[in-house]
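Working notes for the structure below.
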Amino acid sequence: MNVNEAIIDCLVANSIDTLFGIPGKQSLPLNEAISERDDIEFVMARHETAVSHQAWGYAETSGEMAATVVIPGPGDMNAMNGLKNALNDCTPLLHIAVETEPEIRGGDGIHETPPDTYDNVVKENITVETPQSTVAELQRGIDAALTAPMGPVRIGIPKNFLKMDTEVAEPGEVERQSFGDVPATKVDRAADLLADASAPVIIAGGGIRASGASEELKTVAERLEAPVVLTYKGKAVFPDDHDLAGGVLCGGTGTAQKELIADSDAALGVGTDFDAVTMQNWSIDVPDNLVHVTLDADDIGTGYDPEVGIVADAADTLEALDGALADREIASEGGPQRARKTRAAIDDRLTELREVTEAPLTSVSALEAIREGTPRDAIVAVDAGGFRLWTLLTFPTYEPHDYVNPGSWATMGSGLPSAIGAKKANPDQDVVALTGDGGLLMCIHELHTLAGENIDVTVIVLNNSDYAIISEEAGRSYRMEPGEYGWDSAPVSYTTVADGLGIDTMRAETTDDVTATVAEAIESDGPTLVEIPTDPYEPQSSVLMNE
Numbered sequence: 016m017n018v019n020e021a022i023i024d025c026l027v028a029n030s031i032d033t034l035f036g037i038p039g040k041q042s043l044p045l046n047e048a049i050s051e052r053d054d055i056e057f058v059m060a061r062h063e064t065a066v067s068h069q070a071w072g073y074a075e076t077s078g079e080m081a082a083t084v085v086i087p088g089p090g091d092m093n094a095m096n097g098l099k100n101a102l103n104d105c106t107p108l109l110h111i112a113v114e115t116e117p118e119i120r121g122g123d124g125i126h127e128t129p130p131d132t133y134d135n136v137v138k139e140n141i142t143v144e145t146p147q148s149t150v151a152e153l154q155r156g157i158d159a160a161l162t163a164p165m166g167p168v169r170i171g172i173p174k175n176f177l178k179m180d181t182e183v184a185e186p187g188e189v190e191r192q193s194f195g196d197v198p199a200t201k202v203d204r205a206a207d208l209l210a211d212a213s214a215p216v217i218i219a220g221g222g223i224r225a226s227g228a229s230e231e232l233k234t235v236a237e238r239l240e241a242p243v244v245l246t247y248k249g250k251a252v253f254p255d256d257h258d259l260a261g262g263v264l265c266g267g268t269g270t271a272q273k274e275l276i277a278d279s280d281a282a283l284g285v286g287t288d289f290d291a292v293t294m295q296n297w298s299i300d301v302p303d304n305l306v307h308v309t310l311d312a313d314d315i316g317t318g319y320d321p322e323v324g325i326v327a328d329a330a331d332t333l334e335a336l337d338g339a340l341a342d343r344e345i346a347s348e349g350g351p352q353r354a355r356k357t358r359a360a361i362d363d364r365l366t367e368l369r370e371v372t373e374a375p376l377t378s379v380s381a382l383e384a385i386r387e388g389t390p391r392d393a394i395v396a397v398d399a400g401g402f403r404l405w406t407l408l409t410f411p412t413y414e415p416h417d418y419v420n421p422g423s424w425a426t427m428g429s430g431l432p433s434a435i436g437a438k439k440a441n442p443d444q445d446v447v448a449l450t451g452d453g454g455l456l457m458c459i460h461e462l463h464t465l466a467g468e469n470i471d472v473t474v475i476v477l478n479n480s481d482y483a484i485i486s487e488e489a490g491r492s493y494r495m496e497p498g499e500y501g502w503d504s505a506p507v508s509y510t511t512v513a514d515g516l517g518i519d520t521m522r523a524e525t526t527d528d529v530t531a532t533v534a535e536a537i538e539s540d541g542p543t544l545v546e547i548p549t550d551p552y553e554p555q556s557s558v559l560m561n562e
């Protein structure tokens with residue numbers, strides 16, 4: 016059997032039906048095999064950096080794995096950005112990298128890079144050494160990617176193997192690693208600690224999404240009457256309109272949320288590694304009575320010393336914990352009031368920004384108007400940048416797979432590509448790419464992917480003609496002018512650019528127009544870009560929320 020066909024057979028057998036990539040001469044055998052069947056689709060990007068972010072968006076919004084394929088060297092290295100993003104976010108994807116032929120390896124063949132170049136941006140890096148082993152190694156990579164804690168796996172396949180007709184080895188069934196029963200003694204200790212607390216708090220992260228534990232989280236939170244504070248990767252795993260919603264931890268987190276946590280007498284951290292970004296370099300005070308639930312043992316004791324540490328699946332642990340709490344008297348009371356007080360403090364801080372209704376809008380007033388025009392069940396893919404912090408704080412979300420944003424890698428230029436992946440994974444849902452102009456400039460080529468593939472995504476760009484989060488810091492902390500890194504002397508009309516790339520365009524300058532325009536754009540057929548001018552000199556969330 017031809018190796019290229021066996022590879023595609025293996026992908027389809029593992030329910031991988033979408034392959035993101037850019038074709039090259041080295042990868043054409045795979046494209047040939049895809050072109051002859053209708054159970055797998057190849058989505059052609061315009062730059063390899065976007066390829067891995069598309070697969071990342073696909074996985075984040077569907078819970079299913081996608082695959083990528085790139086050419087050696089430049090293609091592979093361009094895709095590293097998204098691979099590292101997926102690694103930090105524990106997002107499973109299979110990255111197929113066409114490799115230099117073994118007999119040429121080490122001789123500077125075209126596009127050659129040493130395979131170990133990629134070791135630190137993936138969960139596992141596999142190089143196929145013989146054509147006969149290709150499918151077995153591919154299956155090993157898929158199993159590794161889907162074994163908790165999940166992550167991206169790179170598999171390098173020499174280009175000359177793809178065209179060979181050979182008997183490929185068939186792997187036997189592999190039982191993917193799973194975590195066993197949650198340790199009962201640890202659950203009992205955690206239940207005692209949390210049940211005795213008069214003011215507990217829950218800090219929940221992206222592991223809730225990965226384990227499908229949102230309902231279990233809600234059940235435990237309601238039993239404990241504990242406010243739920245989400246990490247930036249946990250946003251949307253707990254609905255923002257719930258009485259116990261306590262906001263999001265991120266670079267823009269203000270004093271109200273910090274006080275909510277610090278004033279608690281016990282905390283349950285679940286599905287989070289308490290990384291330095293979430294916890295502002297661990298400067299946020301967390302109660303000594305801490306229960307920490309995570310899948311990675313190395314996370315236990317990083318930043319904070321837990322009273323109880325549990326290395327187990329979030330859903331299983333929360334279910335066991337709820338069962339244990341059901342047999343105990345719960346001391347907590349007033350959780351909804353504590354959460355409501357925190358939300359009110361945040362709202363009060365935003366009043367002045369919210370009142371700006373004419374151009375240039377603030378990020379806050381624009382985002383609230385966008386939310387009003389966006390269906391509740393739409394998927395929103397958010398780029399990195401200063402506006403993302405405002406999005407984390409002020410843009411309500413409700414379902415765990417309906418919101419995508421990069422984690423601690425925080426790479427710009429991921430919003431539009433991830434929206435493309437999200438739409439491919441969820442063709443029946445509305446999908447919105449929410450980006451700043453700085454982030455869009457880093458992936459603007461993918462507007463052409465939208466047009467060329469006719470992918471129905473609404474792109475909303477907040478245009479302030481500035482890397483404003485950098486300019487603000489430069490002017491506040493260094494001897495530089497306000498707007499130091501802006502380009503208002505060379506403004507970009509994104510409606511003009513998008514129109515030239517084949518995208519329908521709209522523009523809105525007031526909050527009323529934003530709401531109506533966004534709703535119209537989402538309702539329309541085909542890809543649309545909406546441009547909204549915003550204020551480059553608005554306060555940054557990290558400053559305003561902590562004054």
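In our numbering, the protein residues as written are 16 to 562.
Positions of the beta carbon are idealized from the N, C-alpha and C atoms, including for glycine.
Please classify residue i as buried or exposed, where buried requires at least 16 other C-beta atoms within 10 Å of its C-beta.
i, result
"G262", "buried"
"R364", "buried"
"P415", "buried"
"G338", "exposed"
"Q352", "exposed"
"M95", "buried"
"V197", "buried"
"P390", "exposed"
"E230", "exposed"
Once you ignore the five residues that flank residue i on each side, which residues in its own chain have a CB closer than 6 Å to its CB?
i, result
"P164", "C105, L310, D311"
"A393", "D445, V447"
"T526", "T372, S380, A384"
"V285", "A219, V308, A329"
"P186", "A151, Q154"
"G269", "M560, N561"
"T293", "T246, L264"
"A65", "P432, C458, E461"
"R224", "V252, P415"
"W502", "S480"
"P130", "T142, G171"
What residue does the beta strand (DSSP E) around residue i start on, and which one ends it?
i, result
"V136", "No beta strand (DSSP E) contains V136, which DSSP labels as neither H nor E."
"G262", "260-264"
"G284", "281-285"
"E56", "56-59"
"E114", "108-114"
"H68", "Run containing H68: none in the beta strand (DSSP E); it sits in the alpha helix (DSSP H), 63-77."
"M521", "519-522"
"R169", "167-173"
"F35", "33-36"
"P215", "215-219"
Who are the Cβ neighbours of residue i in its own chain at under 7 Å, not counting the five residues just before and after it?
i, result
"E20", "A48"
"I172", "I111, V113, E114, V143, T149"
"S556", "G267, L404, W405, L408"
"A281", "L208, L209, A212, P215, P302, N304"
"R369", "V379, S380, E383"
"G454", "D398, A399, G400, M427, G428, G430"
"N478", "D452, Y509, E546, I547, P548, T549"
"T563", "Outside the modelled stretch of the chain, which goes from 16 to 562, sits residue 563, for which no answer is possible."
"Y482", "G453, Y500"
Skipping 5 residues on each side, what residues in its chain have a beta carbon closer than 8 Å to that of residue i?
i, result
"P542", "L462, L465, A466, N469, I470, D471, V472, T473, V474, I518, D519"
"T412", "K250, A251, P254, D255, V395, Y418"
Are the CB atoms of residue j and residue i within a distance shorter than 7 Å?
i, j, result
"T287", "T246", "yes"
"K178", "P321", "no"
"S486", "E499", "yes"
"V545", "M560", "no"
"A82", "L26", "yes"
"L109", "A101", "no"
"L340", "A199", "no"
"I141", "N29", "no"
Our contact map puts residue i next to residue j with C-beta atoms below 8 Å; I'd like the distance itself, whole angstroms only.
i, j, result
"V308", "A327", "6 Å"
"E56", "D24", "With a Cβ gap of about 15 Å, E56 and D24 do not count as contacting."
"P432", "G72", "7 Å"
"R238", "I345", "7 Å"
"K201", "G166", "That pair is no contact at about 25 Å."
"A534", "G388", "4 Å"
Could you please give the first and the last residue of the uninterrupted alpha helix (DSSP H) stretch that includes residue i?
i, result
"G324", "Careful: G324 lies outside any alpha helix (DSSP H), inside the beta strand (DSSP E) at 323-326."
"A354", "350-369"
"L516", "That residue, L516, is in no alpha helix (DSSP H); it is neither H nor E in DSSP."
"V197", "Counting along the chain, V197 falls outside any alpha helix (DSSP H), and DSSP gives it neither H nor E."
"E546", "Not the alpha helix (DSSP H): E546 falls in the beta strand (DSSP E), residues 543-548."
"N93", "89-93"
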